[in-house]
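Student: Going by UniProt numbering, 713 is the number at position 713 of the sequence shown; the sequence numbering is gapless.
All C-beta atoms in this analysis are idealised placements derived from N, C-alpha and C, irrespective of residue type, glycine included.
Below are the structure tokens for one structure; questions will follow.
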Amino acid sequence: MPRWRRQVRSTTRPPTTPTPKALHRGLLVAKGALLVVRDPAPGVRPAPGQPGAASDYVRATPDIFVAVLPDSRVLAFNGHVDLGTGIRTSLAQIVAEELDVDPSRVEMVLGHTEAAPNQGPTIASATIQISAVPLRKAAAQARAYLLARAALRLGADVAALTVRDGVVDAPDGGRVDYWALLQEGGAMLRLADEVALKPADQYRIVGKGVARVDIPGKAVGEAVYVHDVRVPGMLHGRVVRPPYAGRDTGAFVGHSLIEADVDSASRLPGVVKVVVLGDFVGVVAMREEQAVRAARQLRVRWHPVPPAPALDDLAAALKTQPSTLRPLKNEGDVDAALAQGKSLACQYVWPYQMHASIGPSCAVADYRPDGGGLTVWSGTQNPHMLRIDLDRLTGLGEDRIEIVRMEASGCYGRNCADDVSADAALLSREVGAPVRVQLSREQEHAWEPKGAAQLMEVRGALDADGNLAAYDFATRYPSNDAPLLALLLTGKVAAEPRVLEMGDRTAVPPYRYPNQRIVCHDMPAIVRAAWLRGVSALPNSFAHECFIDELAERAGRDPVEFRLHHLDDARAAELLRAVARRADWQAGARGTRGVPDADGRLRGRGVAYARYVHSRYPGFGAAWAAWVVDLSVDPRSGRVRVDRVVVGQDTGMMVNPDGVRHQIHGNVIQALSRTLKERVSFGAHGVASLEWGAYPILGFAELPDIDVLLMPRQDEPPMGAGESASVCGPAALANALFDATGRRWREPPFTADRVRQGLPGR
């Protein structure tokens with residue numbers, strides 16, 4: 001046995017990681033457990049032109065949705081993951097409600113590939129809206145089964161029984177609880193398509209504020225993240241990335257390494273191995289600081305790479321990028337209406353932005369080719385998709401790959417969590433021991449797939465009465481895909497341009513334009529890019545809502561009244577009115593419009609509305625949201641201070657209103673940061689924003705007063721709440737900035753330098 005392996009084994013502590021595979025298998029044979037399962041099935045295949053991965057792999061054992069255990073616990077399983085959004089708590093509420101047990105009894109198991117069902121990627125705010133449906137049915141089915149057994153035990157009619165926290169009472173005073181029933185034996189039920197669900201007017205748990213189960217541990221530093229994972233025999237790895245930061249297409253990708261001088265690092269203390277596979281370069285050492293030193297001192301030579309695309313002028317770059325025109329909607333005679341009406345043409349540009357996870361990505365992998373397969377502890381957003389990619393990378397077969405999904409440091413889209421998981425898998429395979437890989441801040445910023453830039457070209461017209469007459473909208477969005485970096489660097493997949501159809505989210509405006517033409521220019525990514533919160537809907541809505549504000553100004557109409565006049569969606573109109581009332585919107589009132597107040601500041605307010613419509617056009621809607629922003633500007637420095645945001649949302653039925661409120665706060669803070677500060681800069685080799693100084697985000701001192709208005713819609717179906725409130729925010733801020741300065745702002749971020757230079761008279 002090598003000396004380094006003996007030393008590591010003698011100094012490691014016991015594992016602190018979950019074992020979902022053992023949990024799943026144990027439940028299937030557990031005595032006294034009531035399981036609601038479905039036959040195993042492959043994951044849903046993504047629609048043509050949409051992101052994702054699919055395979056024909058089917059797990060050999062059933063998918064468990066709900067397990068009621070005789071020790072009074074309830075385990076519930078969902079294939080989506082909690083990204084800090086609180087769905088762990090909300091899903092537990094749904095299960096507890098249908099089972100009639102206290103939420104504290106319910107433990108959610110999320111995302112683990114060997115324990116949770118494959119329900120596709122955690123995207124599009126679809127967890128509560130879509131993937132929770134079978135979980136709810138499973139809980140209701142379990143309750144019906146237990147009540148039927150209780151009725152037999154108590155000699156009572158099922159309809160006469162009442163349940164409170166698993167205790168079943170009969171009219172004659174008889175009583176039995178679920179756990180006593182299960183002591184007599186469990187059962188395995190197949191999930192039924194038609195299940196009687198509890199009516200909403202009988203809810204006691206769903207719709208009520210429940211404290212999030214994850215917050216206490218996070219507040220006191222007890223939460224376990226993927227960064228904290230330790231397993232016996234674990235080594236430490238670091239990767240050395242190529243010199244084409246953030247680029248994933250071109251003949252040079254995977255073929256640029258000339259030489260890695262292995263001796264320059266392998267003789268350093270603690271170094272176990274230097275790994276070179278194409279353009280993938282990594283080092284493994286006994287201790288983390290040893291791996292860091294080895295990665296820094298490893299001498300590598302690279303071929304010169306072609307200059308990165310010029311992205312200083314994003315509009316020009318997007319216009320010249322090859323694309324395929326995809327018509328989405330064409331009604332009326334747009335050209336005639338534009339010719340006859342009072343027309344306006346505008347161009348809106350959205351920058352490249354980062355997911356900007358506070359902690360760089362990390363993963364631990366344990367590759368055991370002797371029958372044990374591969375286990376990866378990962379912060380991935382999409383565990384089942386990652387398993388497919390790791391099978392492509394290693395050829396092990398999905399049945400021998402387990403992804404243990406751990407909490408990470410945030411993402412709201414595709415950051416480097418999947419990439420670092422593959423890094424760890426490759427290094428573990430090469431040394432035959434578990435390996436932990438931690439990316440540096442520079443690597444995370446350089447290589448995380450960026451939220452794509454976007455160009456929206458709009459023409460519109462008013463009719464003779466000052467109403468909306470025509471809308472001609474074209475959006476250009478370099479498709480997100482971002483294949484696993486290890487697949488590209490090792491040459492497993494070709495670094496070729498890939499085109500997805502992702503620019504059509506909320507591309508159709510919500511207002512009544514009698515004549516409208518909506519098109520999307522599908523194009524390959526220019527730099528490495530993947531979905532970010534709001535995907536293309538946020539930039540598209542930025543254009544829609546800024547443009548209608550400009551038309552309202554031309555028509556001499558109040559922005560709220562003008563929107564309401566052309567808004568046919570009754571729920572949207574009610575929401576917008578409610579937000580305007582909460583904000584004390586004064587019809588016809590104007591901001592300073594470039595003339596400072598007595599204190600020297602410029603002040604204004606703006607409004608915007610949107611419903612996030614996601615998935616391939618025509619897609620389907622999530623929650624409705626509207627903002628009113630009050631802000632002020634220091635004309636000397638150009639610094640924008642957001643003083644107050646009134647944000648309303650119609651989420652339909654809210655499982656946990658407190659959780660929805662948390663989501664909205666997060667949306668507002670992130671949207672303000674993206675609108676005021678965030679823009680990736682690029683240099684000759686690729687991404688140049690490699691640390692927080694070059695990519696600042698909103699700080700605590702810059703947070704405004706946030707007033708959240710939740711519409712009471714508990715009798716309506718639940719809508720996705722994770723992204724909607726961010727979609728209309730940037731336009732509300734831009735419209736407020738116009739009201740303060742008298743100038744229209746069409747290209748975020750609205751940094752102090754940009755605002756100062758753009759003020760009238762500059």
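Runs of 3 residues minimum, wholly inside the segment 149-188: which ones carry the beta strand (DSSP E) assignment?
Tutor: List check, beta strand (DSSP E) in window: 162-164, 167-169, 175-177.
Student: Candidates 650, 604, 723, 327: which alpha carbon is nearest residue 617's?
Tutor: The count along the sequence shown starts at 1 and reaches residue 617 at position 617. It is 327 whose Cα lies nearest to the Cα of residue 617.
Student: For the beta strand (DSSP E) that residue 521 lies in, which residues bound it at each end?
Tutor: Here residue 521 refers to the residue found at position 521 of the sequence shown. Note, residue 521: beta strand (DSSP E), 515-523.
Student: Can you tell me whether DSSP reads residue 382 as helix, strand or coil?
Tutor: Here the question's residue 382 lines up with position 382 in the sequence shown. Correct three-state label for residue 382: coil.
Student: Compare the C-alpha of residue 594 against each of 586, 587, 463, 603 and name the closest.
Tutor: As a working mapping, residue 594 is identified with position 594 in the sequence shown. Looking at the Cα atoms, 603 is the closest of the given residues.
Student: Indicate the three-state DSSP secondary structure (helix, strand or coil) for residue 15 in the structure shown.
Tutor: Taking the sequence shown and counting its residues from 1, the one referred to as residue 15 is at position 15. No answer about residue 15 holds up, because its pLDDT of 38 lies below 50 and its placement is not dependable.
Student: If you reduce the DSSP assignment to three classes, tell me which class residue 9 lands in.
Tutor: What you label residue 9 is simply residue 9 of the sequence shown in a count that begins at 1. Its pLDDT being 37, under 50, residue 9 is placed unreliably in this model, and the value from its coordinates should be taken loosely. Here residue 9 sits in helix by DSSP.
Student: Spatial neighbours of residue 40 within its chain, please: C-beta separation below 8 Å, excluding the five flanking residues on both sides.
Tutor: The residue you call residue 40 lines up with position 40 of the sequence shown. Taken in chain order, the residues that qualify are 58, 59, 60, 61, 62, 63.
Student: Whole angstroms are fine: how far does the CA of residue 281 sit from the CA of residue 513?
Tutor: Taking the first residue of the sequence shown as position 1, residue 513 is located at position 513. Taking the first residue of the sequence shown as position 1, residue 281 is located at position 281. Residue 513 and residue 281: Cα-Cα distance of roughly 55 Å.
Student: What's the C-alpha gap between residue 509 and residue 346?
Tutor: If you number the sequence shown from 1, residue 509 lands on position 509. If you number the sequence shown from 1, residue 346 lands on position 346. Their Cα atoms are separated by approximately 15 Å.
Student: Using 9 Å as the threshold, is the C-beta distance between residue 766 and residue 124 below it?
Tutor: The first residue shown for the chain is 1 and the last is 762, placing residue 766 beyond what the model contains.
Student: Mind checking residue 692: buried by the 16 CB within 10 Å criterion, or exposed?
Tutor: Locating residue 692 in the sequence shown gives position 692, where the first residue counts as 1. Its Cβ having fewer than 16 others within 10 Å, residue 692 is exposed.
Student: Beta-carbon separation of residue 75 and residue 107 under 9 Å?
Tutor: Taking the first residue of the sequence shown as 1, we reach residue 75 at position 75. Taking the first residue of the sequence shown as 1, we reach residue 107 at position 107. Yes. Within cutoff.
Student: Within a Cβ cutoff of 8 Å, which residues of the same chain sit near residue 161, ignoring the five residues on either side of it in sequence?
Tutor: Within the sequence shown, the letter at position 161 stands for residue 161. Same-chain partners within the cutoff: 147, 150, 151, 154, 168, 169, 170.
Student: Give me whichever residues DSSP pairs with residue 435 in a beta bridge.
Tutor: For the purposes of this step, residue 435 is taken as residue 435 along the sequence shown, with counting starting at 1. Residue 435 pairs with 235, 365.
Student: May I ask you to list the residues that DSSP assigns as paired with residue 327?
Tutor: On the sequence shown, residue 327 is found 327 positions in, with the first residue counted as 1. According to DSSP, residue 327 bridges with 519.
Student: Quick one: is residue 303 buried, meaning 16 or more other Cβ sit within 10 Å of its Cβ, or exposed?
Tutor: The residue given as residue 303 occupies position 303 in the sequence shown. Residue 303 should be labelled exposed.
Student: Which complete beta strand (DSSP E) runs does the segment 681-744 hold, if anything under 3 residues is left out?
Tutor: If we require 3 residues or more, the beta strand (DSSP E) runs fully inside the segment 681-744 come out as 705-710.
Student: Quick one: Cα of residue 723 to Cα of residue 475, how far?
Tutor: As a position in the sequence shown, residue 723 is number 723, starting the count at 1. As a position in the sequence shown, residue 475 is number 475, starting the count at 1. Cα to Cα, the separation comes out at about 20 Å.
Student: Could you tell me which uninterrupted beta strand (DSSP E) segments, each at least 3 residues in length, are contained entirely in the segment 253-308, listed from first to last along the chain?
Tutor: You should have 257-261, 271-277, 280-285, 299-302.
Student: Are the Cβ atoms of residue 735 and residue 533 separated by less than 9 Å?
Tutor: By one-based count along the sequence shown, residue 735 stands at place 735. By one-based count along the sequence shown, residue 533 stands at place 533. Against a cut-off of 9 Å, the Cβ pair of residue 533 and residue 735 comes out as no contact.
Student: Just the C-alpha distance for residue 491 and residue 255, rounded to the nearest angstrom, thanks.
Tutor: Along the sequence shown, one-based indexing puts residue 491 at 491. Along the sequence shown, one-based indexing puts residue 255 at 255. For residue 491 and residue 255, the distance between alpha carbons rounds to 8 Å.
Student: Would DSSP call residue 145 helix, strand or coil?
Tutor: Locating residue 145 in the sequence shown gives position 145, counting from the first residue. Residue 145 falls in the helix class under three-state DSSP.
Student: Taking only the alpha-carbon atoms, compute the straight-line gap between residue 115 and residue 371 and give it to the nearest angstrom.
Tutor: Here residue 115 is taken as the residue at index 115 of the sequence shown, counted from 1. Here residue 371 is taken as the residue at index 371 of the sequence shown, counted from 1. In a straight line, the C-alpha of residue 115 is about 20 Å away from that of residue 371.
Student: Report the start-end ranges of each beta strand (DSSP E) in the segment 81-147 that is 3 residues or longer and not cut off at the edges.
Tutor: Listed in chain order, the complete beta strand (DSSP E) runs (minimum 3 residues) inside the segment 81-147 are 106-110.
Student: Which residue wins for smallest C-alpha separation from residue 485, given the options 535, 331, 389?
Tutor: The residue labelled residue 485 in the question sits at position 485 within the sequence shown. Of the candidates 535, 331, 389, the one whose C-alpha sits nearest the C-alpha of residue 485 is 389.
Student: Just to confirm my understanding: we take residue 90, look at its own chain, exclude 5 residues before and 5 after, and list those with CB closer than 7 Å. What are they?
Tutor: Taking the sequence shown and counting its residues from 1, one reaches residue 90 at position 90. Counting only Cβ-Cβ distances below 7 Å, and skipping sequence neighbours, we find 128, 655, 656, 659.
Student: Give a yes or no on whether the C-beta atoms belonging to residue 287 and residue 270 are separated by under 9 Å.
Tutor: Along the sequence shown, read from residue 1 onward, the residue named residue 287 stands at position 287. Along the sequence shown, read from residue 1 onward, the residue named residue 270 stands at position 270. Cβ distance < 9 Å, so residue 287 and residue 270 count as in contact.
Student: Can you tell me whether residue 606 is buried or exposed? The criterion is at least 16 other CB atoms within 10 Å of its CB, across all chains shown.
Tutor: Along the sequence shown, one-based indexing puts residue 606 at 606. Answer is buried; the Cβ neighbour count reaches 16.
Student: Would you kindly work out how many angstroms separate the C-alpha atoms of residue 577 and residue 535, rounded to a whole number?
Tutor: Within the sequence shown, the letter at position 577 stands for residue 577. Within the sequence shown, the letter at position 535 stands for residue 535. The alpha-carbon atoms of residue 577 and residue 535 are separated by roughly 27 Å.
Student: What is the residue span of the alpha helix (DSSP H) that residue 450 lies within?
Tutor: Taking the first residue of the sequence shown as position 1, residue 450 is located at position 450. First-last for residue 450: undefined, no H or E at that position.
Student: Contact defined as beta carbons within less than 8 Å: I believe residue 416 pairs with residue 361. What is the distance between those atoms, to the nearest angstrom?
Tutor: Residue mapping note: residue 416 aligns to position 416 of the sequence shown, counting from 1. Residue mapping note: residue 361 aligns to position 361 of the sequence shown, counting from 1. Indeed, because the Cβ distance is near 4 Å, the residues count as touching under 8 Å.
Student: When the distance is taken between beta carbons, is residue 682 closer than 9 Å to residue 200?
Tutor: If you number the sequence shown from 1, residue 200 lands on position 200. If you number the sequence shown from 1, residue 682 lands on position 682. The answer is no: Cβ separation not under 9 Å.
Student: Mind checking whether residue 240 and residue 300 have CB atoms under 9 Å apart?
Tutor: Position 240 of the sequence shown, counting from 1, holds the residue named residue 240. Position 300 of the sequence shown, counting from 1, holds the residue named residue 300. Cβ atoms of residue 240 and residue 300: closer than 9 Å.
Student: For residue 588, collect the residues of the same chain with a Cβ closer than 7 Å to its Cβ; drop the 5 residues on either side in sequence, then sort them by chain order.
Tutor: For the purposes of this step, residue 588 is identified with residue 588 of the sequence shown, where counting begins at 1. Only 558 meet the Cβ criterion.
Student: Taking C-beta to C-beta, are residue 640 and residue 430 nearer than 9 Å?
Tutor: By 1-based counting over the sequence shown, the position of residue 640 is 640. By 1-based counting over the sequence shown, the position of residue 430 is 430. Not closer than 9 Å, so no.
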